[in-house]
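Peer 1: In the working numbering, the protein residues as written are 48 to 470.
Dropping the structure in here first, questions after.
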Ligand SMILES: [Zn+2]
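Spelled out as structure tokens, the structure:
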């Protein structure tokens with residue numbers, strides 16, 4: 048026996064040994080079809096793991112089992128052909144109002160909010176954050192009535208106003224803005240509550256803002272700043288915010304808040320300074336919060352959003368906003384690169400709420416996946432001032448997977464194909 052024969056035999060033995068060990072450690076492999084779902088041949092963009100190329104994604108139960116090139120189709124019970132499609136972590140939306148209930152004229156437990164599953168999966172979203180529709184006092188009802196009932200993962204920023212978004216006078220009542228009780232509620236529900244929200248305060252007193260900051264500091268979570276704070280200047284708000292805090296309605300132009308660009312269309316120096324300090328900027332499109340005359344110059348200067356918050360509610364959903372993919376398509380049309388858009392819709396949004404278990408395709412992570420198509424054609428995208436931008440590409444959600452289940456399938460590509468009847 049010479050050396051040239053020994054080496055391959057040793058090698059073959061080692062390979063076989065490795066196969067036995069893998070088989071023993073994964074009993075499912077003994078029976079073939081180790082995966083419940085295999086999304087095959089799509090362009091995977093998984094920013095956390097630096098993946099950006101054609102790969103397969105295998106799911107077992109409710110978790111990601113493997114992301115690799117050429118996973119055999121025979122190993123899976125169901126195979127989806129994602130050729131020509133993008134495969135990303137399930138999208139995360141940081142700004143929604145989903146504490147839906149029966150109260151007329153209000154967002155908290157009211158008809159001005161919307162039910163999450165009605166609007167999420169059809170645009171690739173698997174996680175939403177409710178932006179302060181509930182406060183420490185009303186959160187248990189929100190959890191029981193909505194969070195525990197729906198398939199979408201619903202997280203929450205807790206309003207510093209104890210009752211949440213109940214309108215005036217409730218949201219103006221300093222007596223009901225308690226930093227300690229807010230932080231206690233956050234700690235008690237730390238798996239669901241990810242931050243504190245301030246918004247809708249009409250006075251000049253900084254007490255509500257300071258208490259919201261105090262609650263966020265006590266609980267170790269970010270502060271989410273909405274607009275509707277007409278007596279606070281934008282510069283002062285940004286100065287008070289800490290690195291990691293989030294401001295929304297970034298590209299708005301409304302009377303109650305100074306826009307981020309000046310009269311020459313330049314992003315104001317104190318806004319750039321805030322970003323440098325680590326303040327995060329969410330879109331917060333809503334009905335009135337997104338204007339091309341702000342967004343176009345800002346994007347041209349490289350001032351991209353950190354997240355694509357919809358500000359979803361009953362009054363914004365049928366406006367220029369429409370859905371998260373429409374917002375992402377707007378930024379694509381304005382020139383934001385795809386490699387910046389997908390992170391802001393997934394991993395960066397997860398990081399902003401300190402949830403590194405979400406927004407990625409780690410093996411062992413929840414199997415929340417979006418399969419997106421970029422359609423080509425002639426499209427129009429409308430802003431809050433009814434100005435329309437032309438675009439040639441538009442995101443569309445083909446498949447959405449939440450916790451391993453296919454919860455949205457636009458063209459039935461995961462179904463069993465039948466013959467088209469002859470005419
Ligand atoms: Zn909002």
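Just so you know, even glycine gets a beta-carbon here, dropped at the ideal spot from N, CA and C.
Keep in mind it's a predicted model, so treat the numbers as computed, not measured.
1) Could you name the residues, in chain order, whose CB is less than 5 angstroms away from a heavy atom belonging to ligand 1?
2) So, residue 179 versus residue 154, is the Cβ gap smaller than 7 angstroms?
3) With residue 235 as the anchor, note down where its alpha helix (DSSP H) starts and where it stops.
4) If you run the structure through DSSP and keep just helix, strand and coil, what is residue 12?
5) Between 418, 196 and 254, which lies nearest to residue 135 when the distance is taken from Cα to Cα?
6) Out of curiosity, what's the CA-to-CA distance linking residue 160 and residue 131?
7) In this structure, how does DSSP classify residue 370 when only helix, strand and coil are distinguished?
8) Does the Cβ of residue 407 have 16 or more other Cβ atoms within 10 Å, making it buried, or fewer, making it exposed?
9) Pair every Cβ in the segment 324-342 with every Cβ in the segment 282-294, then say whether three or more of these pairs are closer than 8 angstroms.
10) According to DSSP, is residue 217 part of a helix, a strand, or is it coil?
11) Only counting the same chain, and skipping five residues up and downstream in sequence, which positions put a Cβ closer than 7 angstroms to that of residue 102?
12) Just the Cα atoms here: how many angstroms apart are residue 403 and residue 470?
13) Assign residue 121 to one of three DSSP states: helix, strand, or coil.
14) With a cut-off of 8 angstroms on the beta carbons, I'd call residue 226 and residue 265 a contact; round off their distance for me.
15) Looking at the strands, I want to know which residues DSSP matches up with residue 244.
16) In whole angstroms, give me the CA-to-CA distance for residue 165 and residue 177.
17) Counting only the same chain and skipping the five closest in sequence on each side, list residues whose C-beta sits under 7 angstroms from that of residue 420.
18) Give the single residue among 252, 422 and 228 whose Cα lies nearest to the Cα of residue 479.
19) Considering just the uninterrupted stretch of the beta strand (DSSP E) at residue 445, what are its terminal residues?
20) Pick out whichever of 137, 207 and 316 has its Cα sitting closest to the Cα of residue 94.
21) Using the three-state DSSP reduction, which class does residue 181 fall into: helix, strand or coil?
22) Just to confirm, is the Cβ distance from residue 207 to residue 255 under 7 angstroms?
23) Quick check on the DSSP output: the alpha helix (DSSP H) that includes residue 264 runs from which residue to which?
24) Which residues bound the beta strand (DSSP E) around residue 138?
25) Can you say whether residue 363 is buried or exposed, counting buried as having 16 or more other CB atoms within 10 angstroms of its CB?
26) Look at the alpha carbon of residue 423 and the alpha carbon of residue 261, and state the distance between them as a whole number of angstroms.
27) When the Cα atoms are used, what is the spatial distance from residue 221 to residue 247?
28) By the three-class DSSP mapping on this structure, what secondary structure does residue 416 have?
29) For residue 252, tell me which candidate among 85, 322 and 284 has the shortest Cα-Cα distance.
30) Buried or exposed, going by whether 16 or more other CB atoms sit within 10 Å of the CB of residue 353?
31) Among 257, 299, 258 and 250, which residue has its Cα nearest to the Cα of residue 278?
32) Per DSSP, which residues does residue 87 bridge with? Please list them.
33) Which residues share a DSSP beta bridge with residue 98?
Peer 2: According to the data block:
1) 178 and 358
2) no
3) 226-235
4) Nothing about residue 12 can be read from this structure; the chain reaches only from 48 to 470.
5) 418
6) 36 angstroms
7) coil
8) buried
9) yes
10) helix
11) 91, 114, 115 and 116
12) 53 angstroms
13) helix
14) 6 angstroms
15) 206 and 271
16) 15 angstroms
17) 132, 443 and 445
18) Coverage of the chain is limited to positions 48 through 470, which leaves residue 479 absent and any answer about it impossible.
19) 435-449
20) 137
21) strand
22) yes
23) 254-266
24) 138-143
25) buried
26) 48 angstroms
27) 12 angstroms
28) strand
29) 284
30) buried
31) 250
32) 128
33) 93
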